[in-house]
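Working notes, beginning with the structure itself.
Protein chains: 2
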Amino acid sequence: MFEPVTIKDIAKALGLSTSTVSRALRDTHEISVATKKMVLDYAKEIGYQPNPIALSLKERRSKSIGVVVSEVANSYFSQAINGIESIAYDRGYHVIISQTHESYDREVVNVQHLASRSVDGLLVSLSSQTNDISHLKQLHDKGLPMVFFDRVAEEINTHKVIANNEKGAYEATAHLIRSGYKRIAHLTSSSQLSISIERLSGYEAALNDHGLTVNANYIKHCPHGGMIYEETESKIKELLALDEKPDAIFVAGDRLSTGCLSVFKNLNISVPGDMAIAGFSNSDVLDLFNPSLTSVRQPAFEIGKLATQMLIQLIEAKYPVEEFEKKVLDTELFVRHA
Amino acid sequence: MFEPVTIKDIAKALGLSTSTVSRALRDTHEISVATKKMVLDYAKEIGYQPNPIALSLKERRSKSIGVVVSEVANSYFSQAINGIESIAYDRGYHVIISQTHESYDREVVNVQHLASRSVDGLLVSLSSQTNDISHLKQLHDKGLPMVFFDRVAEEINTHKVIANNEKGAYEATAHLIRSGYKRIAHLTSSSQLSISIERLSGYEAALNDHGLTVNANYIKHCPHGGMIYEETESKIKELLALDEKPDAIFVAGDRLSTGCLSVFKNLNISVPGDMAIAGFSNSDVLDLFNPSLTSVRQPAFEIGKLATQMLIQLIEAKYPVEEFEKKVLDTELFVRHA
DNA sequence: AACGTTGTCGGGAACGATTGCACAAATTTA
DNA sequence: TAAATTTGTGCAATCGTTCCCGACAACGTT
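Structural data, given as structure tokens:
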């Protein structure tokens, strides 16, 4: 069943050699127009489709790029993926998506799998549990083109595309301060993630610039980045148990923001009455949330596009690229129920 | 750059033939333990990774399955994809996801692309704009294993996995009726989609069973399935312009449900005060919606798992399978702000 | 008439891995 | 001791495609 027609079948049927058929199909100049037409017509008639597997073997490239994200069920990533695809398909590249579900082990497995499937390059956003990046460094050292986006590994010298996390965090925190809140906590993902570091930095800068002090007790990390409800809940309860209970929280992640709202709803704590919240999120239904969430939105689609353009540039570079750049795109602050 | 080590390199380095190395790596009994150990050790030392492309060419299968959905940024599909992956990876299959964005043209392109990339089988949920399924029928006739889920093509004789859409729709509509609403409209996707037909049927059955008549003016189709805000808005305005304005709407899709809430919010129409809504949705943050939405939830993860199991069974079948089945899984009704 | 061009085309190796067959050496059996 | 069998390994074909070399016409040039 399912016998695809090959170049050999055409050659045999037409009494030609495979080389001639191949050349005719690729429209080489050294084939007569008559032969060319004959081959093309017959190929179309029997529905010839070139076998990309054979091509990949010969050319040693698969015309596909691997994407490593934590979850596709995350507005930020699904929008970034749309950006990635918009460029990739135009340039003739196939996109293979893999999810880490914020697990380091799954990240390692997925990366190995993609590499062994001969992807021509990798677009990576690290899992929240990833500390050791040797699985990526090893491939990068071997020459596999790689571009990081969102959660980047500073130790690997390659292109990076990120949002201006520090500025976004600054603006969100400053907004809370301007709204009159003084005890602003910070709920974030794993401490080693680049986005966590940058957002924490923006949060601290905003506090400092407005004459508020940074309270270490107000900063809580959720290593699973909001994937586990109980984790988020327990961190929030820790905040609520403090003597000087915070009156607002700046949340540093999409899943974390919605998780946060869920927790407060379940604890019957009124937002923003008892506790104000502002957070990073790319969800497009935030307006429907009760209460709606003041959010920092990242240009996810654009980030995906840019990262892909840079990756393809690396892949198709004639000579090894030595100069790498980090692109930083501005976020947008959406103030809701001001 | 990036020169992967092949079986030949091992053979040359060890003074063996490629066949011996190949057999040693696959742990055949006809290779002496000494040679086997030597090969294995050396392979590990230089980090040998078998080339799956070469394998695919020889075995004429890629150990990968293609998935065709409308959007990954849709809770139902992202959950289904998680179900698909959970089975596929266990069975050694790679998952390639493609999005149609509810466009027929993109569906055709994606399906062709997947087929030419030699996927071993296809998991398909049709786009809302798909009427003609000859692009799939042709591949199916050629012998490409295929399983439909969610939005199925009845004309193609193969396995299908769906939710009990009719029952789910019946329950949601009946719930609205029991809550006292009498003029219940129905907002749904393209009329030709299997899910639209089934949900419409459940809606009508609920009305009939409760002594209400079906009003054709109350049934509105959005061919883009909620992807285009203006389309949803105009359909809702049509409903609002009716002499006997509906007092409730049963919505038949995820994007459509949230789109619906957005429209009412923008029109300053109170839900459920002025208009009650119940709809299909798999979002896990529905509790945070304002107002929260009574929803019909599909077992998306389970549907993905089942469809994948059935597809792999088709792929690995020794003899052509002639008997196909349609699995129907129950939905769950979540009543909110009753 | 001998030679160089040009235009068309075929042969065969290569990409990396598997596998049926052949064949030598080692071992067992008659 | 000769024959038969087992054991371990190599050769070569194969998957579908491209591409480097040549082959061999039909020309035009000296």
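Line order of the protein sequences matches chains F and U.
The numbering used here applies: residue 1 is where the first sequence begins, and numbers increase by one.
The numbering used here applies: residue 1001 is where the second sequence begins, and numbers increase by one.
Don't be surprised by glycine CBs; every beta carbon is placed ideally from N, CA and C.
What do you get for residue i, buried or exposed, if any count of 16 or more other CB atoms within 10 angstroms of its CB means buried?
{"i": "Asn165(F)", "result": "buried"}
{"i": "Glu1062(U)", "result": "Looking at the sequence provided, one finds Ser at residue 1062(U) rather than Glu. Classification of Ser1062(U): buried, given that the 10 Å Cβ count is 16 or more."}
{"i": "Pro1272(U)", "result": "buried"}
{"i": "Tyr1319(U)", "result": "exposed"}
{"i": "Ala317(F)", "result": "exposed"}
{"i": "Gln1049(U)", "result": "exposed"}
{"i": "Asn282(F)", "result": "buried"}
{"i": "Ile46(F)", "result": "exposed"}
{"i": "Glu1003(U)", "result": "exposed"}
{"i": "Gly259(F)", "result": "buried"}
{"i": "Val1119(U)", "result": "buried"}
{"i": "Gly15(F)", "result": "exposed"}
{"i": "Ala34(F)", "result": "exposed"}
{"i": "Ile177(F)", "result": "buried"}
{"i": "Val1321(U)", "result": "exposed"}
{"i": "Ser1134(U)", "result": "exposed"}
{"i": "Thr1028(U)", "result": "exposed"}
Which one of the options has the shortest CA to CA distance from residue i?
{"i": "Ile228(F)", "options": "Gly202(F), Ser189(F), Tyr203(F) and Lys265(F)", "result": "Ser189(F)"}
{"i": "Ser1064(U)", "options": "Ile1053(U), His1210(U) and Asn1268(U)", "result": "Ile1053(U)"}
{"i": "Gly1180(U)", "options": "Gly1259(U), Glu1155(U) and Leu1212(U)", "result": "Leu1212(U)"}
{"i": "Arg1104(U)", "options": "Lys1245(U), Ser1070(U), Ser1116(U) and Phe1077(U)", "result": "The sequence shown places Tyr at residue 1104(U), rather than the Arg named in the question. The shortest Cα separation from Tyr1104(U) among Lys1245(U), Ser1070(U), Ser1116(U) and Phe1077(U) belongs to Ser1070(U)."}
{"i": "Phe250(F)", "options": "Lys182(F), Leu16(F) and Ser78(F)", "result": "Lys182(F)"}
{"i": "Leu311(F)", "options": "Glu85(F), His29(F), Asn51(F) and Gly168(F)", "result": "Glu85(F)"}
{"i": "Lys220(F)", "options": "Thr130(F), His186(F), Asn131(F) and Val328(F)", "result": "His186(F)"}
{"i": "Val152(F)", "options": "Ser116(F), Ile177(F) and Ile197(F)", "result": "Ile197(F)"}
{"i": "Phe1324(U)", "options": "Thr1158(U), Val1005(U) and Leu1314(U)", "result": "Thr1158(U)"}
{"i": "Asn1082(U)", "options": "Gln99(F), Tyr93(F) and Asn290(F)", "result": "Gln99(F)"}
{"i": "Gln1309(U)", "options": "Leu1122(U), Arg1106(U), Ser1022(U) and Ser1075(U)", "result": "Leu1122(U)"}
{"i": "Asp132(F)", "options": "Gly304(F), Val147(F) and Glu155(F)", "result": "Glu155(F)"}
{"i": "Ala1307(U)", "options": "Leu1014(U), Glu1233(U) and Val1124(U)", "result": "Val1124(U)"}
{"i": "Asp330(F)", "options": "Arg297(F), Arg336(F) and Ala317(F)", "result": "Arg297(F)"}
{"i": "Gln313(F)", "options": "Asp247(F), Val147(F) and Val21(F)", "result": "Val147(F)"}
{"i": "Asp90(F)", "options": "His1113(U), Arg1178(U) and Gly1092(U)", "result": "His1113(U)"}
{"i": "Val328(F)", "options": "Ile315(F), Gly304(F), Arg336(F) and Asp27(F)", "result": "Gly304(F)"}
{"i": "Lys1044(U)", "options": "Ile1031(U), Ser1056(U), Leu1055(U) and Leu1025(U)", "result": "Leu1025(U)"}
{"i": "Ser78(F)", "options": "His1101(U), Glu1059(U) and Ser1056(U)", "result": "His1101(U)"}
{"i": "Gly409(F)", "options": "Leu136(F), Val321(F), Glu332(F) and Ser295(F)", "result": "The structure shown does not extend to residue 409(F), since chain F spans only 1 to 338, so no value can be given for it."}
{"i": "Ile315(F)", "options": "Arg23(F), Ser134(F), Ser22(F) and Arg60(F)", "result": "Arg60(F)"}
{"i": "Ser1295(U)", "options": "Ile1269(U), His1175(U) and Asn1208(U)", "result": "His1175(U)"}
{"i": "Leu1055(U)", "options": "Ser1022(U), Glu1030(U), Ser1032(U) and Lys1037(U)", "result": "Ser1022(U)"}
Hey, residue i and residue j: beta-carbon distance below 8 Å or not?
{"i": "Val108(F)", "j": "Val68(F)", "result": "no"}
{"i": "Ile184(F)", "j": "Asp150(F)", "result": "no"}
{"i": "Ala80(F)", "j": "Phe334(F)", "result": "no"}
{"i": "Asn51(F)", "j": "Thr6(F)", "result": "yes"}
{"i": "Lys326(F)", "j": "Ile162(F)", "result": "yes"}
{"i": "Ile1096(U)", "j": "Ile96(F)", "result": "yes"}
{"i": "Asp284(F)", "j": "Ser75(F)", "result": "yes"}
{"i": "Tyr218(F)", "j": "Thr173(F)", "result": "no"}
{"i": "Leu293(F)", "j": "Leu261(F)", "result": "yes"}
{"i": "Ala1206(U)", "j": "Tyr1170(U)", "result": "yes"}
{"i": "Ser128(F)", "j": "Leu200(F)", "result": "no"}
{"i": "Tyr42(F)", "j": "Ala11(F)", "result": "no"}
{"i": "Val39(F)", "j": "Val1072(U)", "result": "no"}
{"i": "Pro1299(U)", "j": "His1337(U)", "result": "no"}
{"i": "Val263(F)", "j": "Glu233(F)", "result": "yes"}
{"i": "His94(F)", "j": "Arg1106(U)", "result": "no"}
{"i": "Leu1057(U)", "j": "Leu57(F)", "result": "yes"}
Would the C-beta of residue i count as close to the ligand GDP, meaning under 7 Å from any of its heavy atoms?
{"i": "Pro1320(U)", "result": "The model depicted lacks the ligand GDP and carries no ligand whatsoever."}
Item to check | contact_flag[the region 1271-1278 of chain U, the region 271-284 of chain F] where n(CB pairs < 8 Å) is 3 or more | outcome: The region 1271-1278 of chain U, when compared against the region 271-284 of chain F, does not touch it at the 8 Å Cβ threshold.
Next on the checklist: Count Cβ pairs between the region 1245-1257 of chain U and the region 1217-1225 of chain U that sit closer than 8 Å; are there 3 or more?
Outcome noted: Contact between the region 1245-1257 of chain U and the region 1217-1225 of chain U is present, because at least three Cβ pairs lie under 8 Å.
Checklist entry - Would you call the region 239-248 of chain F and the region 140-150 of chain F in contact, with 3 or more CB pairs under 8 Å? => result Judged by Cβ distances under 8 Å, the region 239-248 of chain F makes no contact with the region 140-150 of chain F, as fewer than three pairs qualify.
Checklist entry - Along the chain, which unbroken stretches of the beta strand (DSSP E) at least 3 residues long are found entirely within the region 225-256 of chain F? => result Considered as a whole, the region 225-256 of chain F harbours 248-251 as its complete beta strand (DSSP E) runs of no fewer than 3 residues, in chain order.
Next on the checklist: Give the list of continuous alpha helix (DSSP H) stretches no shorter than 4 residues that lie fully inside the region 1243-1326 of chain U.
Outcome noted: Fully enclosed alpha helix (DSSP H) runs of 4 or longer: 1254-1266 and 1300-1316.
Next on the checklist: As an exercise, report each continuous beta strand (DSSP E) stretch of at least 3 residues that is fully enclosed by the region 152-194 of chain F, in chain order.
Outcome noted: The qualifying runs are 160-163 and 184-188.
Next on the checklist: Give the list of continuous alpha helix (DSSP H) stretches no shorter than 4 residues that lie fully inside the region 29-79 of chain F.
Outcome noted: Within the region 29-79 of chain F, the complete alpha helix (DSSP H) segments at least 4 residues long are 33-45 and 52-59, listed from N- to C-terminus.
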